[in-house]
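Each remark here refers to the structure printed beneath this line.
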Ligand code: FES
Ligand SMILES: [Fe+2]
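Chains as they are written, first to last, in the numbering used here: chain A, 17 to 186; chain B, 280 to 712.
Set out below in structure tokens:
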């Protein structure tokens with residue numbers, strides 16, 4: 017599996033490091049609360065999805081924790097910038113770690129790649145520290161010498177658990 | 280307070296204020312579990328969650344784990360999820376399907392009406408072994424109204440009709456919107472928890488006063504909230520931007536109480552005439568085809584926003600859902616939100632509702648998260664011993680009868696509904712079981 021992916025990668029002329037660098041950059045934008053820059057990583061038709069059940073098939077037929085298109089993302093970020101967002105007073109601080117990256121699909125014709133990875137996000141806010149972890153899949157589209165996110169899907173290992181308020185994207 | 284003397288309870292609630300201990304005292308919480316959650320009619324689930332015989336869901340009524348299951352005769356049973364042998368929780372999944380419910384420990388299995396079906400190594404059972412007495416305990420009373428299943432854990436008390444009667448119209452309002460006259464709660468659920476008392480969520484459901492400030496971060500510079508329904512171009516105007524104050528139209532919203540702690544808020548600010556999308560237009564066509572144009576127009580006239588069926592559930596008429604409130608401890612509460620599908624409505628409209636509910640009521644939503652922050656801060660603030668009272672006096676004395684609905688009416692930015700909840704609370708709490 018890993019070997020096959022590497023062969024495909026070679027065929028596409030893309031280095032695994034390019035994907036890794038992109039995911040690290042994305043995580044860093046979130047950790048630095050540069051939400052607008054983070055949103056700009058998404059393609060115009062891009063979506064950000066955090067399902068509420070494992071192996072969830074559709075964001076339309078079942079409840080999700082997040083399912084934002086660019087328009088909802090913008091509303092979410094305007095809210096994150098609002099001075100009276102109570103659930104971010106004080107704001108969350110987060111640290112992401114992204115690893116175990118595997119290129120799962122490549123479609124050279126469309127210039128699209130699916131990259132799977134494992135992440136851990138630690139969040140601290142108002143005297144409480146929380147841990148989020150799971151797998152994420154980025155469908156990326158080639159855009160000049162970088163990528164745009166067509167879909168970021170985050171599968172939290174506890175996605176069907178009960179959560180205290182979550183204010184920032186994972 | 281441990282014994283819950285009627286006189287002590289009565290001192291906690293005054294006409295325009297309640298004592299902070301109703302939110303913070305663990306002994307009072309124990310008493311609530313006994314006297315409210317131990318006997319009131321509680322919402323359990325919806326019949327669409329257990330469509331076929333053998334379908335079940337598990338939930339909690341207060342702190343009692345229960346199984347809601349469809350029996351083969353079509354009836355819905357509410358069984359205590361506790362093995363009658365040595366006490367293990369019998370069903371561990373949140374939902375599923377089974378012919379028999381089998382305990383993991385020694386393998387006793389139970390029929391879907393709770394009767395004990397099989398016992399491994401039966402020759403070990405003595406002569407006095409009474410199979411009939413060893414079924415799963417059942418909620419003594421179960422009532423179903425248009426698919427909404429309620430149960431009482433007490434064998435005596437006000438009838439289901441007495442309890443739910445005044446709120447049937449609110450349930451009808453929602454169910455009648457489905458072209459096939461049926462709802463489906465089959466689109467998953469949102470689950471959130473907070474470090475605060477359960478009543479903070481119950482009180483909030485009908486509180487329109489907090490919206491312009493509590494949800495300021497969801498209101499744009501023009502004072503308008505984002506669209507919350509499939510087909511809406513924008514949300515409600517809650518602030519008059521120039522004057523920087525709560526919009527007059529928002530202040531006009533009404534709230535209603537009908538006894539038993541129940542109540543609702545009216546939905547007066549959304550201009551329904553502007554709602555349009557291919558899916559919504561198709562929905563209107565299908566509905567009119569099924570029920571006639573006149574009835575369809577009536578159904579589509581917005582009347583209700585949130586309806587509270589005290590003590591543990593609410594239904595929302597705007598971006599439609601059912602909310603279930605589950606007390607865990609005096610300062611810990613879980614809430615479950617179920618998106619509603621209108622059976623017979625275009626799929627795209629139902630999808631739109633499911634999607635927008637993520638935005639308003641998931642644990643990561645734009646709306647609910649600020650409420651959760653308020654609940655947590657209320658619980659923290661109420662720890663203070665320097666000040667004992669919580670003020671709920673807005674609109675005290677301004678209540679008036681509403682003949683059209685046989686209810687008592689006030690403004691939705693008043694606190695009449697909270698006072699009505701405490702009236703019901705005292706009613707439950709004063710009486711020993
Ligand atoms: S505890 Fe259930 S079978 Fe023994
Ligand atoms: Fe709210």
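Built from N, CA and C at the ideal position, the CB exists for glycine as well. As the structure is a prediction and not an experimental result, all values here were calculated from the model.
Closer than 7 Å by beta-carbon distance: list the chain A residues that pair up with residue 613 of chain B, in chain order. Within the second chain, numbered from 1, the residue matching residue 613 of chain B stands at position 334. Ordered by position in chain A, the residues that pass the 7 Å Cβ test against residue 613 of chain B are 178.
Whose Cβ in chain A lies nearer than 7 Å to the Cβ of residue 652 of chain B? Position 373 of the second chain holds residue 652 of chain B. Those are 102, 103, 181, listed as they occur along chain A.
What ranges does the beta strand (DSSP E) occupy inside the segment 504 to 537 of chain B, keeping only unbroken runs of at least 3 residues that lie completely in it? Taking 3 residues as the minimum length, the beta strand (DSSP E) runs contained wholly in the segment 504 to 537 of chain B are 533 to 536, in order along the chain.
Identify the contact partners of residue 66 of chain A in chain B, using a Cβ-Cβ distance below 8 Å as the criterion. Working through the first chain from its first residue, we reach residue 66 of chain A at position 50. The contacting residues are 643.
Got a sec? Which residues, its chain only, sit under 8 Å from residue 362 of chain B by beta carbon, not counting five neighbours each side? On the second chain, residue 362 of chain B is found 83 positions in, with the first residue counted as 1. Taking residue 362 of chain B as the centre and dropping the five residues before and after it, the same chain places the C-beta of 368, 369, 382, 384, 387, 415 closer than 8 Å to its C-beta, in chain order.
Indicate the three-state DSSP secondary structure (helix, strand or coil) for residue 286 of chain B in the structure shown. Counting from 1 along the second chain, the entry for residue 286 of chain B is found at position 7. In this structure, residue 286 of chain B counts as helix in the three-state DSSP scheme.
Exposed unless 16 or more other CB atoms sit within 10 angstroms - verdict on residue 51 of chain A: Taking the first chain and counting its residues from 1, the one referred to as residue 51 of chain A is at position 35. Here residue 51 of chain A is buried, its C-beta having at least 16 other C-beta atoms within 10 Å.
Positions along the segment 136 to 152 of chain A whose CB lies within less than 7 Å of some CB in chain B: none
Neighbouring residues, chain B, relative to residue 76 of chain A (Cβ below 7 Å): Residue mapping note: residue 76 of chain A aligns to position 60 of the first chain, counting from 1. Those within 7 Å of residue 76 of chain A in chain B are 630, 633, 634.
Output, in sequence order along the chain, the residues in the segment 101 to 134 of chain A whose CB is closer than 9 Å to any CB in chain B. 101, 102, 103, 104, 105
Is there a C-beta anywhere in chain B that falls below 9 Å from the one on residue 162 of chain A? Position 146 of the first chain, counted from the start, is the residue given in the question as residue 162 of chain A. Judged by the 9 Å Cβ criterion, residue 162 of chain A is not in contact with chain B.
Any beta carbon from chain B within less than 9 Å of residue 94 of chain A's own beta carbon? Position 78 of the first chain, counted from the start, is the residue given in the question as residue 94 of chain A. Yes - at least one Cβ of chain B is within 9 Å of the one on residue 94 of chain A.
Can we count residue 584 of chain B as close to ligand 2, meaning its CB is less than 8 Å from some heavy atom? Locating residue 584 of chain B in the second chain gives position 305, where the first residue counts as 1. Answer for residue 584 of chain B: no, Cβ out of range of ligand 2.
Taking the straight line between their C-alpha atoms, what separation do you get for residue 73 of chain A and residue 167 of chain A? Taking the first residue of the first chain as position 1, residue 73 of chain A is located at position 57. Taking the first residue of the first chain as position 1, residue 167 of chain A is located at position 151. Rounded to the nearest angstrom, the two C-alpha atoms are 14 Å apart.
Opposing strand residues paired with residue 606 of chain B [DSSP bridges]: Position 327 of the second chain, counted from the start, is the residue given in the question as residue 606 of chain B. Answer is B/612.
Could you spell out where the beta strand (DSSP E) holding residue 654 of chain B opens and where it closes? Numbered from its first residue, the second chain carries residue 654 of chain B at position 375. Residue 654 of chain B -> not in any beta strand (DSSP E); alpha helix (DSSP H) instead, spanning 647 to 660.
Between B/601, B/537, B/483, B/530, which lies nearest to residue 269 of chain B when the distance is taken from Cα to Cα? A question about residue 269 of chain B goes unanswered here, because the residues of chain B that appear run from 280 up to 712.
Can you pull the chain A residues whose beta carbon is under 7 Å from the beta carbon of residue 505 of chain B, in chain order? As a working mapping, residue 505 of chain B is identified with position 226 in the second chain. Here the neighbours are 91.
In the structure shown, what three-state DSSP assignment does residue 559 of chain B receive? Your numbering for residue 559 of chain B matches position 280 in the second chain. It is helical.
With DSSP as the reference, label residue 469 of chain B as helix, strand or coil. Here residue 469 of chain B corresponds to residue number 190 of the second chain, with the count starting at 1. Here residue 469 of chain B sits in strand by DSSP.
Cutoff 9 Å: residue 58 of chain A Cβ touching any chain B Cβ: Your numbering for residue 58 of chain A matches position 42 in the first chain. Not closer than 9 Å to any Cβ of chain B, the Cβ of residue 58 of chain A fails to qualify, so no.
Would you report the Cα separation of residue 113 of chain A and residue 478 of chain B, rounded to the nearest angstrom? Position 97 of the first chain, counted from the start, is the residue given in the question as residue 113 of chain A. Position 199 of the second chain, counted from the start, is the residue given in the question as residue 478 of chain B. Distance between the alpha carbons of residue 113 of chain A and residue 478 of chain B is about 39 Å.
What is the DSSP secondary structure of residue 18 of chain A, counted as helix, strand or coil? Locating residue 18 of chain A in the first chain gives position 2, where the first residue counts as 1. With a pLDDT of 48 at residue 18 of chain A, under the threshold of 50, the modelled position of that residue is not reliable, and the figure given next carries that caveat. Of the three classes helix, strand and coil, the one that applies to residue 18 of chain A here is helix, per DSSP.
Residues in the same chain with beta-carbon distance under 7 Å from residue 393 of chain B, minus the five sequence neighbours each way, listed in chain order, please. On the second chain, position 114 is the one that residue 393 of chain B refers to. Counting only Cβ-Cβ distances below 7 Å, and skipping sequence neighbours, we find 356, 358, 414, 415, 417.
Please report the distance separating the alpha-carbon of residue 622 of chain B from that of residue 457 of chain B. The residue given as residue 622 of chain B occupies position 343 in the second chain. The residue given as residue 457 of chain B occupies position 178 in the second chain. Roughly 5 Å between the two C-alpha positions.
At a cut-off of 8 Å, would you count residue 483 of chain B as near ligand 2, judging by its Cβ distance to the nearest heavy atom? Here residue 483 of chain B refers to the residue found at position 204 of the second chain. Yes, Cβ of residue 483 of chain B sits closer than 8 Å to a heavy atom of ligand 2.
In chain A, which residues lie less than 7 Å from residue 468 of chain B when you measure between Cβ atoms? What you label residue 468 of chain B is simply residue 189 of the second chain in a count that begins at 1. Here the neighbours are 79.
For the candidate residues B/603, B/607, B/579, whose alpha-carbon lies nearest to that of residue 596 of chain B? Locating residue 596 of chain B in the second chain gives position 317, counting from the first residue. For the options B/603, B/607, B/579, the alpha carbon positioned closest to that of residue 596 of chain B is the one of B/579.
Report the partner residues of residue 33 of chain A according to the DSSP bridge assignment. One-based indexing of the first chain puts residue 33 of chain A at position 17. Beta-bridge pairing links residue 33 of chain A to no other residue.
Continuous beta strand (DSSP E) stretch holding residue 306 of chain B: start and end: As a position in the second chain, residue 306 of chain B is number 27, starting the count at 1. Unbroken run through residue 306 of chain B is the alpha helix (DSSP H), 305 to 314; no beta strand (DSSP E).
Run through DSSP, which three-state label would residue 188 of chain A get? The question about residue 188 of chain A has no answer, for chain A in this structure spans 17 to 186.
Using DSSP with H/G/I as helix, E/B as strand and the rest coil, what is residue 51 of chain A? The residue labelled residue 51 of chain A in the question sits at position 35 within the first chain. In the structure shown, residue 51 of chain A sits in a helix (DSSP, three-state: H, G or I).
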